[in-house]
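K.L.:
To start, I am sharing the structure in question, which I have written as structure tokens.
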Amino acid sequence: MTQPPNTPETNPLPRLGNCPGCAQEIRLRTDGTLRQHPRYNVRCPGSRRPAEPLEPTFVRWLHANAARRDAYTNRITHLAQSTFHGCTRSPKRTPADMPWTTAVQLHDELHQQQVRLTGSENRSGYGGTERCDWMCRDVTHAGHVYAELLAAAAGRAA
Ligand SMILES: [Zn+2]
Ligand SMILES: [Zn+2]
């Protein structure tokens, strides 16, 4: 399945609130109350009152893009799904599971993972002679798109 033709390249900055029942981050309705939980289609006790909106950080925005259906043609969706869904047998992860918040921190994390795997920060090149690879570039691109969304949101608020 692909997105309908007028769908933007990425999902907007997410409006999320903490569920008082299960501590999950759940999307907010326009009235500030929590939507149904995506996994069980339920609402926890206490979740019908308006919740404090959470900051739409890079990690939360990237997670919001993991639900899109255009991973074969959209690098950001692909990055989101490989970051949060992993392989089919591993449980889906959430922003709270991640040790990073920003795109710069995710980029650092990629190189730290590489050090743990190979002893070197280099992810590319024959014999690992180059520091960055396509995934680094995808993270950097996603960081730029996110920064543009933040700037646009700040412009609307001003
Ligand atoms: Zn809940
Ligand atoms: Zn890199």
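Residue numbers (the working numbering): 6 to 163. Ideal Cβ placement from N, Cα and C applies to all residues, glycine included. Computed from a predicted structure; not experimentally measured.
(1) Using only the alpha-carbon positions, how far apart do Phe89 and Gln41 sit?
(2) Please tell me whether, using a cut-off of 7 Å, the distance from the CB of Gln110 to the nearest non-hydrogen atom of ligand 1 is below it.
(3) Less than 7 Å separating the Cβ of Gly37 from some heavy atom of ligand 1?
(4) With DSSP as the reference, identify every bridge partner of Ile81, one or two as the case may be.
(5) Given this structure, state the Cα-to-Cα distance separating Arg74 from Thr82, to the nearest angstrom.
(6) Taking the continuous alpha helix (DSSP H) assigned at Leu219, which residues delimit it?
(7) Please go through the same chain and pick out, in chain order, the residues whose beta-carbon is closer than 7 Å to the beta-carbon of Cys137, but skip the five residues on each side of it.
(8) Leaving out five residues on either side along the sequence, give the residues of the same chain with a beta carbon under 6 Å from the beta carbon of Thr62.
(9) Helix, strand or coil for Leu154? Go by DSSP, reduced to three states.
(10) Let's see if you can read the secondary structure: which residues bound the beta strand (DSSP E) around Asn23?
(11) Hey, quick one: how far does the alpha helix (DSSP H) through Glu30 stretch, first residue to last?
(12) Give the secondary structure of Leu122 by DSSP, where H, G and I count as helix, E and B as strand, and everything else as coil.
(13) Hey, which residues come within less than 5 Å of ligand 2, measuring from Cβ to any heavy atom, in chain order?
(14) So what does DSSP say about Pro100, is it helix, strand or coil?
(15) Using CA atoms only, rank isn't needed, just tell me which of Thr123, Ala71, Leu18 and Ser95 is closest to Leu59.
(16) Please list, following the chain, all residues that have a C-beta closer than 6 Å to any non-hydrogen atom of ligand 1.
P.N.:
Working from what's here:
(1) C-alpha separation (whole angstroms): 20 Å.
(2) Flag unset: Cβ of Gln110 not near ligand 1.
(3) Placement of the Cβ of Gly37 at a distance of 7 Å or more from every heavy atom of ligand 1 is found.
(4) Answer is none; Ile81 lacks a bridge partner.
(5) In a straight line, the C-alpha of Arg74 is about 8 Å away from that of Thr82.
(6) Because residue 219 is not part of the residues shown, which for the chain are 6 to 163, the question remains open.
(7) If you ignore the 5 residues before and after Cys137, its C-beta comes within less than 7 Å of the C-beta of Arg128 and Ser129, all in its own chain and listed in chain order.
(8) Excluding sequence neighbours, Thr62 sits near Thr106.
(9) Assigned with DSSP and collapsed to three states, Leu154 falls in helix.
(10) Leu21 to Asn23 is the span of the beta strand (DSSP E), which, as asked, contains Asn23.
(11) No alpha helix (DSSP H) contains Glu30, which is instead part of the beta strand (DSSP E) from Glu30 to Arg32.
(12) Three-state DSSP puts Leu122 in a helix.
(13) So the residues near ligand 2 by this Cβ test are Cys137 and Cys141.
(14) DSSP places Pro100 in helix when its eight states are reduced to three.
(15) Of the candidates Thr123, Ala71, Leu18 and Ser95, the one whose C-alpha sits nearest the C-alpha of Leu59 is Leu18.
(16) Selection output, chain order preserved: Cys24, Gly26, Cys27, Gln29, His42, Cys49 and Ser52.
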